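These notes concern the structure reproduced below.
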Amino acid sequence: MNKFLKKNNEKKSIAIFGASGFIGRNLVDLLSKNGWTIMALMRNPHYASYLLPMGDVGQVYLKSCNILDYNSVLEATKNVDCVVNLVGILFQTKNQRFHEIHIKGAENIAKACLENDIKRLLHVSALGIRKGSLANYSRSKFEGELRVKSVYKKSIILRPSVVFGLHDNFINKFAQMVSIFPVLPLIGGGLTRFQPVYIKDLTNLIEYLSMSRLYKGKTFELGGLDIFTLKELFDLIVQSKGIKRRYIPVPFAITKLIGTACSFLPNPPITVDQVRLLQEDNITSNSAFGFKQLGIVPVTLEAYLNKFFEN
Numbered sequence: 044m045n046k047f048l049k050k051n052n053e054k055k056s057i058a059i060f061g062a063s064g065f066i067g068r069n070l071v072d073l074l075s076k077n078g079w080t081i082m083a084l085m086r087n088p089h090y091a092s093y094l095l096p097m098g099d100v101g102q103v104y105l106k107s108c109n110i111l112d113y114n115s116v117l118e119a120t121k122n123v124d125c126v127v128n129l130v131g132i133l134f135q136t137k138n139q140r141f142h143e144i145h146i147k148g149a150e151n152i153a154k155a156c157l158e159n160d161i162k163r164l165l166h167v168s169a170l171g172i173r174k175g176s177l178a179n180y181s182r183s184k185f186e187g188e189l190r191v192k193s194v195y196k197k198s199i200i201l202r203p204s205v206v207f208g209l210h211d212n213f214i215n216k217f218a219q220m221v222s223i224f225p226v227l228p229l230i231g232g233g234l235t236r237f238q239p240v241y242i243k244d245l246t247n248l249i250e251y252l253s254m255s256r257l258y259k260g261k262t263f264e265l266g267g268l269d270i271f272t273l274k275e276l277f278d279l280i281v282q283s284k285g286i287k288r289r290y291i292p293v294p295f296a297i298t299k300l301i302g303t304a305c306s307f308l309p310n311p312p313i314t315v316d317q318v319r320l321l322q323e324d325n326i327t328s329n330s331a332f333g334f335k336q337l338g339i340v341p342v343t344l345e346a347y348l349n350k351f352f353e354n
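First residue of the sequence shown: 44, per my numbering; consecutive thereafter.
Right under this line is the structure:
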């Protein structure tokens, strides 16, 4: 991806909503190394001080911003060249609802970008989302995209599959399960398909699109080179660790009952809505515009895991 970027002395500024998350941390690290001035936006900056040493003094700023408060968003997006929205939640709580975060918050960011005459808005969504999805998460993400597009027509939408890398929330969780449990559950028989994306491939692309004058209004579907079923992901991790594990298929109906029982927990291991999400594949469509069309060869999950467990 770096082959697209030209070194220059131009000062570049960016506001990143959701900067303290997995993708956000990696994006701040990359952009700070490449000379960007970064406004890192989140609900509680007190827990994100680890972002500051990624850049020089005065290069990374931490700021509290409530995306449901339009004036807060408007103020946070002043005097920057580009805005990236990484905000998203995987399950709902009393204070955080899909509709508010994925739809209303995304719309507020788009409106603020329009009012502040921001050059580029990148909205990071999710692969596999659609209007008629079984999952509330997916439907809210899809509606959020529509709202963003209707307000800021030249916005760029990125739909990555599950993202892997150091300290990710997906492969690391699988690796922990493989290490702890001798028998691994295969939800829905383990047939759901994924197309994992390497974090550095994603952040490199975000930086490129933040500077490029091309692709305005474009939607990117981002998947890795390989497609894995849930069982194949477990197999790959088990093989990489050099151990043996057994599997037990767990029907979706049973998993939904478990999700219902877990719904009272503050941080549930799985929810009913997440089970519904697992009933749908997470892969790019045949007509997708993504890494291949840009001439990018993504890092494979197998290559990453071999290096990860080797170290």
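Ideal Cβ positions, reconstructed from N, Cα and C, are used throughout, including at glycine.
Fair warning: this is a prediction, and the values are worked out from it, not measured in the lab.
Legend entry - Segments of 3+ residues assigned as beta strand (DSSP E) that fall wholly inside the segment 133 to 188: Complete beta strand (DSSP E) runs here, min 3: 163 to 167.
Inset, instruction - Would you mind stating whether glutamine 238 and threonine 327 have Cβ atoms separated by less than 9 Å? - result: It is a contact, given that the beta carbons lie within the stated cut-off.
Legend entry - Beta-carbon proximity check, isoleucine 152 vs valine 191, cutoff 9 Å: Result yes, Cβ atoms of isoleucine 152 and valine 191 sit closer than 9 Å.
Legend entry - Member of Phe213, Arg86, Ile59, Gly64 whose CA lies at the smallest distance from the CA of threonine 80: The shortest Cα separation from threonine 80 among Phe213, Arg86, Ile59, Gly64 belongs to Ile59.
Inset, instruction - Apply the 10 Å Cβ neighbour rule to serine 193 and answer buried if 16 or more other Cβ atoms are within range, or exposed otherwise. - result: It counts as exposed.
Inset, instruction - Determine the closest residue to isoleucine 161 out of Ser253, Pro228, Lys137, with distance taken between C-alpha atoms. - result: For isoleucine 161, the closest C-alpha among the options Ser253, Pro228, Lys137 is that of Ser253.
Inset, instruction - Buried or exposed for threonine 136, please, with buried defined as at least 16 other CB atoms from any protein chain shown within 10 angstroms of its CB. - result: Answer is exposed; the Cβ neighbour count stays below 16.
Inset, instruction - Taking only the alpha-carbon atoms, compute the straight-line gap between isoleucine 249 and leucine 165 and give it to the nearest angstrom. - result: Rounded to whole angstroms, the separation of the alpha carbons of leucine 165 and isoleucine 249 is 8 Å.
Inset, instruction - Taking proline 292 and glycine 232 to be in contact with their CB atoms under 8 Å, please state how far apart those CB atoms are, rounded to whole angstroms. - result: A Cβ-Cβ distance of about 5 Å is found for the pair proline 292 and glycine 232, placing them in contact under the 8 Å criterion.
Inset, instruction - Starting from the C-beta of valine 167, find all residues in its chain whose C-beta is less than 6 Å away, skip the five residues before and the five after it, and write them out in chain order. - result: Cβ neighbours of valine 167 beyond the five flanking positions: Leu129, Leu201.
Legend entry - Among Glu150, Val205, Lys259, nearest to phenylalanine 355 - alpha-carbon criterion: Outside the modelled stretch of the chain, which goes from 44 to 354, sits residue 355, for which no answer is possible.
Inset, instruction - Could you tell me how far apart the beta carbons of valine 342 and tyrosine 241 are, in whole angstroms, since I believe they sit closer than 8 Å? - result: Separation of the CB atoms of valine 342 and tyrosine 241 is rounded to 4 Å, and the pair is thereby assigned contact status at 8 Å.
Inset, instruction - Please report how far the alpha carbon of cysteine 305 lies from the alpha carbon of asparagine 69, in whole angstroms. - result: One Cα belongs to cysteine 305, the other to asparagine 69, and the distance between them is close to 31 Å.
Legend entry - Exposure label - tyrosine 90; buried when at least 16 CB within 10 Å: With fewer than 16 Cβ atoms within 10 Å of its Cβ, tyrosine 90 is classed as exposed.
Inset, instruction - Classify tyrosine 258 as helix, strand or coil using the three-state DSSP reduction. - result: Correct three-state label for tyrosine 258: coil.
Legend entry - tyrosine 290 vs proline 203 beta-carbon contact at 9 Å: Cβ distance not < 9 Å, so tyrosine 290 and proline 203 don't count as in contact.
Inset, instruction - Provide the residue(s) that pair with alanine 83 in DSSP beta bridges, ordered along the chain. - result: Answer is Ile59, Leu105, bridged to alanine 83.
Inset, instruction - Leaving out five residues on either side along the sequence, give the residues of the same chain with a beta carbon under 6 Å from the beta carbon of serine 107. - result: Pro88, listed in sequence order.
Inset, instruction - Could you check which residue in Lys76, Leu157, Glu345 has the C-alpha nearest to that of valine 116? - result: With distances taken between Cα atoms, valine 116 lies closest to Leu157.
Inset, instruction - Tell me whether arginine 182 is buried or exposed, calling it buried when 16 or more other Cβ atoms sit within 10 Å of its Cβ. - result: Arginine 182 comes out buried.
Legend entry - As assigned by DSSP and simplified to three states, the class of valine 127: Under the three-state reduction of DSSP, valine 127 is assigned to strand.
Legend entry - Exposed unless 16 or more other CB atoms sit within 10 angstroms - verdict on alanine 149: By the 10 Å Cβ count, alanine 149 comes out buried.
Inset, instruction - Within 10 angstroms of the Cβ of threonine 303, are there 16 or more other Cβ atoms? Answer buried if so, exposed if not. - result: It counts as exposed.
Legend entry - Those residues which DSSP pairs with glutamate 264 across a bridge: Partner(s): Arg202.
Inset, instruction - Just list the alpha helix (DSSP H) runs in the segment 209 to 293, keeping only unbroken ones of 4 residues or longer that don't cross its boundaries, in chain order. - result: Within the segment 209 to 293, the alpha helix (DSSP H) runs of at least 4 residues that lie entirely inside it are, in chain order, 214 to 223, 242 to 254, 273 to 284.
Legend entry - Alpha-carbon to alpha-carbon, asparagine 109 and leucine 257: Between leucine 257 and asparagine 109, the C-alpha separation is close to 30 Å.
Inset, instruction - Tell whether a beta-carbon distance below 9 Å holds between lysine 259 and isoleucine 199. - result: It is a contact, given that the beta carbons lie within the stated cut-off.
Legend entry - Contact set for glutamate 264: own chain, Cβ-Cβ below 8 Å, skip 5 residues either direction: Shown here for glutamate 264: same chain residues with a beta carbon closer than 8 Å to its own, the five before and five after excluded, namely Leu170, Arg202, Thr327, Ser328, Ala331, Phe332, Gly333 in chain order.
Inset, instruction - Report the three-state DSSP secondary structure of phenylalanine 207 (helix, strand or coil). - result: In the three-state reduction of the DSSP assignment, phenylalanine 207 falls in the strand class, which pools E and B.
Inset, instruction - Note down, in chain order, each residue of its chain lying with its Cβ closer than 7 Å to the Cβ of leucine 84, except the 5 sequence neighbours on either side. - result: Around leucine 84: Ala58, Ile59, Phe60, Ala62, Lys106, Cys108, Ala119.
Legend entry - Local conformation of asparagine 69 per DSSP, three classes: When DSSP states are grouped into helix, strand and coil, asparagine 69 belongs to the helix group.
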